[in-house]
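These protein sequence lines are chains A and B, in that order. Just so you know, the numbering used here puts the end of the first sequence at 127, numbered straight through with nothing missing. Just so you know, the numbering used here puts the end of the second sequence at 1127, numbered straight through with nothing missing. For glycine and all other residues, C-beta sits at the position ideal for the given N, C-alpha and C.
Number of protein chains: 2
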Amino acid sequence: MSGAADAIKPEVMKQLFHPEIEDVLPADVFAALGDPIRLGILVSLADCDEVDKARCGAFTELASPSLLSYHFAKLREAGITRSRAEGTVRFLSIRREEFERRFPGLLDSVIETARRDPSVPRIKIDV
Amino acid sequence: MSGAADAIKPEVMKQLFHPEIEDVLPADVFAALGDPIRLGILVSLADCDEVDKARCGAFTELASPSLLSYHFAKLREAGITRSRAEGTVRFLSIRREEFERRFPGLLDSVIETARRDPSVPRIKIDV
DNA sequence: CCCATGATTCAACGATCATTGAAATAGTCG
DNA sequence: CGACTATTTCAATGATCGTTGAATCATGGG
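Structure, rendered in structure tokens:
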């Protein structure tokens, strides 16, 4: 609303909200994990060979673009993932270190749990 | 609906539903953990000195009886806790061994996470 | 047998959820 | 510029959630 000096950085795209990791509450994290599609996004992300190289568009097998966007937002607002824009594409990644500092050991067991279970859909992300 | 031979066991009270541990899905577990009151119930239960001795009535600081009953049901239906009736009282306990077998390591990190965080309400259960 | 107690159930409420499909936005490339 | 692509936003839906308070149920004790 108060933007003045732009046109300098071309690839700044609208910034999406990411909470400070200290402000993230356990109950909100678990609520964000309480959906099979979101667990699917998380494990697929965790199993991606190269870190921070997973395009949002790589998840289309899991849901429609618009529904994916909704679930991406849930994970992001719960402090679990980060969305980074690069040109016309967005990349999704897990906030590993921060999250580990905030809730030590939690993410690993969550991912292990989701990975082991056949009710969680998975995709192979071709980077 | 088809009860015939009763009156033998006086203290059988209506049985509450507990899912088979194999039928429990990760997404449902996380959804059940996605509420501060339920996390409060869980950590208070985990910190209770004597196992399987926590009366439902011991949690009244966390919510009204009727709301507690609702949250107890959520935890129970997600396979996390067990409710046992004894006379006019009900006892609540964590399905430790079963749950550990089904989702190794998960419950410990969940409880640790909840225990560490000030947003999760706790009570001391006097057994 | 009636009453007190512990706990669940029910009905109602506003709020949020997951999902859909259409529209808007941002960036790229001809 | 204008078409195209990747992604988000919006509006609308039915479903489920968390909460309240009143009603119900089960048990034990006078």
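By Cβ distance below 6 Å, which residues in the same chain neighbour residue i in space, the five residues on each side in sequence not counted?
{"i": "Gln1095 (chain B)", "result": "The question names Gln, but residue 1095 (chain B) is Arg in the sequence shown. Closer than 6 Å at Cβ, skipping near neighbours: Arg1082."}
{"i": "Arg1084 (chain B)", "result": "Phe1091"}
{"i": "Arg115 (chain A)", "result": "Val43"}
{"i": "Thr113 (chain A)", "result": "none"}
{"i": "Tyr70 (chain A)", "result": "none"}
Identify, in the order they occur along the chain, each residue of the same chain with its Cβ nearer than 8 Å to the Cβ of residue i, setting aside the five sequence neighbours on each side.
{"i": "Pro1010 (chain B)", "result": "For Pro1010 (chain B), the pLDDT reaches just 47, beneath the cut-off of 50, and the residue's location in the model is therefore unreliable, leaving the point undetermined."}
{"i": "Ile1021 (chain B)", "result": "Gly1079, Arg1095, Glu1098, Phe1099, Arg1101 and Arg1102"}
{"i": "Lys1073 (chain B)", "result": "Residue identity differs from the one stated: residue 1073 (chain B) is Ala in this sequence, not Lys. Same-chain partners within the cutoff: Leu1016."}
{"i": "Ala5 (chain A)", "result": "Because Ala5 (chain A) sits at a pLDDT of 37, beneath the cut-off of 50, its placement in the model cannot be relied upon, and the following sentence gives the value as read from the coordinates. Counting only Cβ-Cβ distances below 8 Å, and skipping sequence neighbours, we find nothing."}
{"i": "Ile1111 (chain B)", "result": "Leu1042, Val1043 and Ala1046"}
Taking the continuous beta strand (DSSP E) assigned at residue i, which residues delimit it?
{"i": "Leu92 (chain A)", "result": "Val89 to Ile94"}
{"i": "Ser83 (chain A)", "result": "Thr81 to Glu86"}
How about residue i: is its C-beta nearer than 8 Å to some C-beta of chain A?
{"i": "Glu1112 (chain B)", "result": "yes"}
{"i": "Asp1047 (chain B)", "result": "no"}
{"i": "Ala1005 (chain B)", "result": "Note that Ala1005 (chain B) has pLDDT 38, beneath the 50 cutoff, so the model's placement of it is unreliable and no number is given."}
{"i": "Phe1103 (chain B)", "result": "yes"}
{"i": "Ser1109 (chain B)", "result": "yes"}
{"i": "Leu1106 (chain B)", "result": "yes"}
{"i": "Ala1087 (chain B)", "result": "Position check: residue 1087 (chain B) holds Gly in this sequence, whereas Ala was assumed. No, because no Cβ of chain A sits closer than 8 Å to the Cβ of Gly1087 (chain B)."}
{"i": "Leu1025 (chain B)", "result": "yes"}
{"i": "Leu1039 (chain B)", "result": "yes"}
{"i": "Leu1068 (chain B)", "result": "no"}
{"i": "Asp1035 (chain B)", "result": "yes"}
{"i": "Val1051 (chain B)", "result": "no"}
Using C-beta distances below 7 Å, list every residue in its chain close to residue i, excluding the 5 sequence neighbours before and after it, in chain order.
{"i": "Lys124 (chain A)", "result": "none"}
{"i": "Leu1062 (chain B)", "result": "Ile1037, Gly1040, Ile1041, Leu1068, Pro1121 and Ile1123"}
{"i": "Ala1032 (chain B)", "result": "Arg1038, Lys1074, Leu1075, Ala1078 and Ile1080"}
{"i": "Asp1049 (chain B)", "result": "Val1127"}
{"i": "Pro1019 (chain B)", "result": "Glu1077 and Gly1079"}
Report the residue from the options whose alpha carbon sits nearest the alpha carbon of residue i.
{"i": "Glu1098 (chain B)", "options": "B:Arg1084, B:Arg1038, B:Cys1048 and B:Ile1080", "result": "B:Ile1080"}
{"i": "Ile37 (chain A)", "options": "A:Asp23, A:Phe59 and A:Val51", "result": "A:Phe59"}
{"i": "Gly1034 (chain B)", "options": "A:Asp35, A:Leu39, A:Gly40 and A:Ala27", "result": "A:Ala27"}
{"i": "Gly1087 (chain B)", "options": "B:Val1120, B:Leu1045, B:Cys1056 and B:Lys1074", "result": "B:Cys1056"}
{"i": "Val1089 (chain B)", "options": "B:Gly1105, B:Lys1053 and B:Leu1062", "result": "B:Lys1053"}
{"i": "Asp47 (chain A)", "options": "A:Arg76, A:Pro104 and A:Ser93", "result": "A:Ser93"}
{"i": "Ser119 (chain A)", "options": "A:Pro104, A:Arg76, A:Phe72 and A:Leu39", "result": "A:Leu39"}
{"i": "Phe1030 (chain B)", "options": "B:Glu1050, B:Ser1064 and B:Leu1107", "result": "B:Leu1107"}
{"i": "Asp1023 (chain B)", "options": "B:Glu1112, B:Arg1076, B:Ile1111 and B:Ser1066", "result": "B:Arg1076"}
{"i": "Asp1117 (chain B)", "options": "A:Asp117, A:Pro104 and A:Thr113", "result": "A:Pro104"}
Here's the rule I'm using: 16 or more other beta-carbon atoms within 10 Å means buried, otherwise exposed. How should residue i be labelled?
{"i": "Ser1109 (chain B)", "result": "buried"}
{"i": "Val127 (chain A)", "result": "exposed"}
{"i": "Leu1045 (chain B)", "result": "buried"}
{"i": "Val1166 (chain B)", "result": "The requested residue 1166 (chain B) is not part of the displayed model; chain B covers only 1001 to 1127."}
With a threshold of 8 Å between beta carbons, is residue i in contact with chain B?
{"i": "Ser44 (chain A)", "result": "no"}
{"i": "Pro19 (chain A)", "result": "no"}
{"i": "Asp117 (chain A)", "result": "yes"}
{"i": "Phe99 (chain A)", "result": "no"}
{"i": "Phe129 (chain A)", "result": "The structure shown does not extend to residue 129 (chain A), since chain A is modelled only from 1 through 127, so no value can be given for it."}
{"i": "Val128 (chain A)", "result": "The structure shown has nothing for residue 128 (chain A), since chain A only spans 1 to 127."}
For the alpha helix (DSSP H) holding residue i, just list the boundary residues, first then last.
{"i": "Gly40 (chain A)", "result": "Pro36 to Ala46"}
{"i": "Ile111 (chain A)", "result": "Leu106 to Arg116"}
{"i": "Phe1072 (chain B)", "result": "Pro1065 to Glu1077"}
{"i": "Phe1030 (chain B)", "result": "Pro1026 to Leu1033"}
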